[in-house]
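Take the sequence shown: its letter number 9 is residue 9 in full-length UniProt numbering, and every next letter is one higher.
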Amino acid sequence: MSRSSKGALRYNGGIVEIKSKFDAEFRRFSIDKSKMRLFDDFYHLLENLHFLQDVPFIITYTDQYMDLLPINNNENFSRALSTARPSLKILIQRKGESYGELNGYGSQPVKKKNPITKLIGSENSPRQKIQISLMEDFRRVSAIIDVDIVPETHRRVKLMKNGSDKPLGFYIRDGTSVRVTPHGLEKVPAIFISRLVPGGLAESTGLLAVNDEVLEVNGIEVAGKKLDQVGTTYF
Numbered sequence: 001m002s003r004s005s006k007g008a009l010r011y012n013g014g015i016v017e018i019k020s021k022f023d024a025e026f027r028r029f030s031i032d033k034s035k036m037r038l039f040d041d042f043y044h045l046l047e048n049l050h051f052l053q054d055v056p057f058i059i060t061y062t063d064q065y066m067d068l069l070p071i072n073n074n075e076n077f078s079r080a081l082s083t084a085r086p087s088l089k090i091l092i093q094r095k096g097e098s099y100g101e102l103n104g105y106g107s108q109p110v111k112k113k114n115p116i117t118k119l120i121g122s123e124n125s126p127r128q129k130i131q132i133s134l135m136e137d138f139r140r141v142s143a144i145i146d147v148d149i150v151p152e153t154h155r156r157v158k159l160m161k162n163g164s165d166k167p168l169g170f171y172i173r174d175g176t177s178v179r180v181t182p183h184g185l186e187k188v189p190a191i192f193i194s195r196l197v198p199g200g201l202a203e204s205t206g207l208l209a210v211n212d213e214v215l216e217v218n219g220i221e222v223a224g225k226k227l228d229q230v231g232t233t234y235f
């Protein structure tokens, strides 16, 4: 069996070959995707292999397009493993010194120009790039859902508190809305957003606005419900 066939067999069986590099130090090992799914476990594995217990470091990998991308949460760790064909190349750098932090991820290191290129090239010095800190593990706070089944004039929004006890960040009021019925237009009681709390979850998402009509909460229609009933029961 050829070497490439053996590699493909290891990949198909859930075993991913890892090639990691830190400074001039290289390590080669394999992990089982079915057993190692958390980024923290992978981080500690590299920490022990390269003796980095006292050194904060950044992990990046090279994808199929030869771009350098970060591994810093469970989602992109899983994505990185899926790109192994059959091996995954890992680059470990000290935090604050990594190429991605200094130049941006999804790009390749800039090659040095030879002396002739420097002489005939532009004299303008390159503009200094703004450094953006590395985004750590993140949580989604909102989403627009069911766009394929909700009418175009409506928007179903999902706000995620992620275990927090903080309120959703908006107030409601009662009022009247116009509905199209077989007998023409009719005014019916309705619930509206009266105010957004500055800095609250609802305002930060940009998906809700003052005077938006509330049609349902947690999949339950609020039609025919009183204001205090909606506020205490559904929110």
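By construction, the Cβ of each residue, glycine as well, lies at the ideal position given by its N, Cα and C atoms.
Review point. Counting pairs of Cβ atoms below 8 Å between the stretch 202-211 and the stretch 220-232, do you hit three or more?
Key: Three or more Cβ pairs closer than 8 Å define a contact, and the stretch 202-211 falls short of that threshold against the stretch 220-232.
Practice item. Can you tell me which of the three DSSP states PHE39 falls into? Key: Looking at PHE39 - three-state DSSP - the assignment turns out to be helix.
Review point. Between which two residues does the beta strand (DSSP E) containing THR181 stretch?
Key: Its beta strand (DSSP E) spans residues 170-181.
Exercise for review: Kindly indicate which three-state DSSP category GLU203 falls into: helix, strand or coil?
Suggested key: In the structure shown, GLU203 sits in a helix (DSSP, three-state: H, G or I).
Review point. Rounded C-beta distance between LYS161 and ALA143? I'm assuming under 8 Å.
Key: Going by Cβ atoms, the distance from LYS161 to ALA143 rounds to 13 Å, so no, they are not a contact pair.
Review point. What is the rounded straight-line gap between the Cα of PRO189 and the Cα of GLY175?
Key: Those two C-alpha atoms are separated by around 6 Å.
Check your understanding: Taking just the CA atoms, how far does GLU25 sit from PHE51?
Key -> Their Cα atoms are separated by approximately 11 Å.
Practice item. Determine the burial state of TYR65: buried for a count of at least 16 other Cβ atoms within 10 Å of its Cβ, exposed for fewer. Key: Around the C-beta of TYR65, fewer than 16 other C-beta atoms lie within 10 Å, and the residue is accordingly described as exposed.
Check your understanding: Do LEU88 and VAL178 have their CB atoms nearer than 8 Å?
Key -> No, Cβ-Cβ distance for LEU88 and VAL178 is not below 8 Å.
**Study point:** Option in THR205, PHE29, ASN73, VAL55 with minimal Cα separation from ARG37
**Key:** The shortest C-alpha separation from ARG37 is found at ASN73.
Review point. Apart from the five residues just before and just after ILE220, which ones in its own chain have a Cβ nearer than 6 Å to its Cβ?
Key: No residues qualify anywhere along the chain.
Review point. Looking at GLY231 and ILE193, is the spacing between their C-beta atoms short of 8 Å?
Key: No, the Cβ-Cβ distance between ILE193 and GLY231 is not below 8 Å.
Exercise for review: Can you have a look at THR181 and say buried or exposed, based on whether 16 or more other CB atoms are within 10 angstroms of its CB?
Suggested key: The residue in question, THR181, is exposed, as its Cβ has fewer than 16 Cβ neighbours within 10 Å.
Point to revise | With 16 other Cβ atoms within 10 Å as the buried cut-off, status of LEU185 | key: The residue in question, LEU185, is exposed, as its Cβ has fewer than 16 Cβ neighbours within 10 Å.
**Study point:** Segment limits, beta strand (DSSP E) that includes GLU25
**Key:** Looking at the DSSP string, the run of the beta strand (DSSP E) that includes GLU25 is 25-32.
Practice item. Within its chain, find whatever has a CB closer than 8 Å to the CB of SER30; leave out the 5 residues flanking it on each side and keep chain order. Key: Around SER30: ARG10, ILE15, VAL16, GLU17, ILE18.
Practice item. Measuring alpha carbon to alpha carbon, tell me which of GLN93, LEU207, LYS35 ends up nearest VAL55. Key: For the residues GLN93, LEU207, LYS35, the minimum Cα distance to VAL55 belongs to GLN93.
Check your understanding: Whose C-alpha, out of PHE42, ARG156, GLN53, is nearest the C-alpha of THR60?
Key -> The closest CA to that of THR60, considering only PHE42, ARG156, GLN53, is found on PHE42.
Exercise for review: Hey, could you find the ends of the beta strand (DSSP E) ARG195 is sitting in?
Suggested key: 184-196 is the extent of the beta strand (DSSP E) around ARG195.
Check your understanding: So what's VAL230 in DSSP terms, helix, strand or just coil?
Key -> The answer is helix: DSSP assigns VAL230 an H, G or I state.
Point to revise | DSSP beta-bridge partners of ARG85 | key: Under DSSP, ARG85 forms no beta bridge with any residue.
Review point. For VAL16, which beta-bridge partners are listed by DSSP?
Key: Paired residue(s): ILE31.
Practice item. Quick one: grab the DSSP three-state call for ARG79. Key: It is helical.
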